[in-house]
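Read the structure below first, then the notes.
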Amino acid sequence: MIFVRHSHGGMGIIEGITSKCLGMRYSHLVLGGWVLLLAVASSPLSAQFLTDTLPMHKNEVIPSRNSYYVEAGSYSTRREADPPNYTRDLSKTGIPAFAKVDWLTAGLDYRVRFEYRNNDIRRPESFSSDFPFLLRGRAYLGVKEIFDPLRMVVEFEDATRVNGNYPLDNRDVNRFEMIQGYAELFSDRLLNDDKLGNKRPVYIRGGRMAFEFADRRLIGLNQWRNTTNNFVGLRATVGQDKNDWQVDVLALKPIERIIDQFDEAERDRYFWALIGHHRQFSRIVTIEPYYLALRQEPSKLNNGRYRQIHSPGLRLYGYVSNTGLNYDVSGTYQFGKEGDQIHSAYAITAELGYTVTRSSWKPRVSLFYGYVSGDKDPDDELNNRFERFFGFGRPWSSDDYIIPENIVTPKLRVEFEPVKGVKVDGGYSFYWLASETDRFNNLLAGDSFNRDPSGNSGTFLGHGLDSRVRFKPVKFIDANLGYTYYTIGEYVHNRQLAANGESADYSNFIYIELSFNVFDVFSPPGN
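In our numbering, the protein residues as written are 620 to 1146.
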């Protein structure tokens, strides 16, 4: 299937499964072949092993004993479903006219978020106040089964910001854009079912796509942000969440978000991934090995800079018997070329949580530690700054100050549900630079003052308390209210003084977010 888009200048842009992806260097994926071998080599697990498995992914509709999938349980790592959570099968919406339309999946979603930001350290000034409204609408339509093996999906998004004091950017604004538009060849008959009786589907997608993998820290939709990460190219998948093993292969180009024109595929960057999911022992551990690769060709847009980054990694998560303890650890190493420098970087994350399962509030306390390398010396032949790829930033900080680059952070979190349907969580976080001579990316609008090559500004970025409450005031609206208080640390203080001659001591962030799902208006009681 080929999708034709017209740019602002009227020139046609053809995106499809015969795009430049076919010319990519798949040798990068071969280097990650151990992922595939690990998945394929897994021996079957008896159904009895998972009889008492832990809670399932929220989009699974069968009892957990019939699936190998176990949700990680760690904070803010739950992946968006495929299709997205806001979509519904038309036959199940409660609308009589669609009662027999079981081959069409649709979604209409609208989100509005009011933010109050005081002394936002991302801004060029040391002291500031901003009161933006972020508005986002999405529409999804997916055709399945009726034309099998051919399936099709299209999804549009309209994102904007009003009442803000700063220039519009593509984090907040991307007006009426197709974020997904692909054709899929699907079959669940090519391979045998797993030992629990679940189909093992195989599908290939070509076109524009948006998705999340692993813990979302390297490949995510960025749901909190007002705009969405997406790509154009190919995706091949063997298996599904319910199976004991699953493999995903990606060959893509990132989409450049253009505020008031149609988005286009980036001309100089290519992205590949090989991702495995091993769930044979998911009652104890789920294993997710992956290999990511990014190539950037020299161009005027990137000042003639060549980049070639390879990134093998491994994620392990699971539960410790019936103790209420759960864990989630991951490690990623990176090597390659960064202009004239050798690229060598790494990231480690670890979370240990404990849930009081006997309490009706289900309180959970967790400790998190993250270390992401930064460049040690701007003048040597090594670049140690971690490449964050296309990750989700919110798990690192609720105010968007922190991204997975040159950061050290321990966190303490508490989560509980005092009333059914009302979820409360809060935490305290501390932040340091991993390297005092590398940048703090989001500081001072990303200008040159966000880095001190001398290392004399210190490493402590600050610490902060965050909290939020989530609930459904009515069945078709999700509410999300939050507050973050951030105490500015030595490094931020010194860099603000260097840039502006003055520095704030703290910042505040308050938000009220409402998401409206059109089809849930018609859903039967209890759904």
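Backbone N, C-alpha and C fix where the C-beta goes; we use that ideal spot for every residue, glycine too.
Item, Value
"Beta carbon of residue 699 nearer than 8 angstroms to that of residue 865", "no"
"For residue 947 and residue 1106, the rounded distance between their alpha carbons", "28 angstroms"
"Simplified DSSP assignment, three categories, for residue 725", "strand"
"Three-way DSSP call (helix, strand, coil) for residue 754 in this model", "strand"
"Beta-bridge partners of residue 694, as assigned by DSSP", "In DSSP, residue 694 forms no bridge with anything."
"Counterpart residues of residue 937 in DSSP-defined beta bridges", "946"
"Close Cβ partners of residue 996 (< 8 angstroms) along its chain, the five nearest in sequence each way excluded", "1056"
"Start-end ranges of the beta strand (DSSP E) lying completely within the segment 818-854, minimum 3 residues", "821-828"
"Of the residues 1132, 915, 784 and 805, the one placed nearest residue 857, counting alpha carbons only", "805"
"Distance cut-off 7 angstroms: residue 773 Cβ against heavy atoms of the ligand MG", "Looking at this structure, you won't find the ligand MG or any other ligand, since it has none at all."
"The segment 880-899 contacting the segment 964-973, beta-carbon criterion three pairs below 8 angstroms", "no"
"Other residues of its chain near residue 660: CB distance less than 6 angstroms, five sequence neighbours each side excluded", "Unreliable positioning characterises residue 660 in this predicted model, as indicated by a pLDDT of 36, which lies under 50. A coordinate reading is not provided."
"For residue 1139, the three-state DSSP class (helix, strand or coil)", "helix"
"Selection from 935, 1139, 840 and 708 that minimises the alpha carbon distance to residue 1095", "1139"
"For residue 784, three-class secondary structure by DSSP", "coil"
"Residue 1130 to residue 1086 span [Cα, whole Å]", "11 angstroms"
"Backbone secondary structure at residue 700 - three-state DSSP", "coil"
"For residue 880, three-class secondary structure by DSSP", "coil"
"Inter-stretch contact (C-beta, 8 angstroms, three-pair minimum) for the segment 1055-1071 and the segment 1090-1104", "no"
"Cα-Cα separation between residue 899 and residue 937, rounded to whole angstroms", "12 angstroms"
"Cα-Cα separation between residue 835 and residue 1023, rounded to whole angstroms", "11 angstroms"
"Residue 920 (DSSP reduced to helix, strand or coil)", "coil"
"DSSP beta-bridge partners of residue 1043", "1035 and 1088"
"Cβ-based burial, residue 759 [other Cβ within 10 Å; buried from 16]", "buried"
"Residues of its chain near residue 1137, where Cβ-Cβ distance is below 6 angstroms and the 5 sequence neighbours each way are ignored", "727"
"Distance between residue 921 and residue 1037 (C-alpha atoms, nearest Å)", "51 angstroms"
"Contact the segment 1009-1017 vs the segment 943-962: 3+ CB pairs below 8 angstroms", "no"
"As assigned by DSSP and simplified to three states, the class of residue 793", "strand"
"Neighbourhood of residue 628 by C-beta, 6 angstroms cutoff - its chain only, sequence neighbours within 5 removed", "For residue 628, the pLDDT reaches just 39, beneath the cut-off of 50, and the residue's location in the model is therefore unreliable, leaving the point undetermined."
"Contact the segment 1068-1080 vs the segment 1107-1119: 3+ CB pairs below 8 angstroms", "yes"
"Where residue 810 falls: helix, strand or coil (DSSP)", "coil"
"Secondary structure of residue 1115, DSSP reduced to three states", "helix"
"Residue 845 beta carbon less than 8 angstroms from that of residue 742", "no"
"Three-state class that DSSP yields for residue 1132 in the structure shown", "strand"
"Continuous beta strand (DSSP E) stretch holding residue 580: start and end", "Lying before the first or after the last residue shown, residue 580 is absent from the chain, which here runs from 620 to 1146."
"Buried/exposed call for residue 738, threshold 16 Cβ in 10 Å", "buried"
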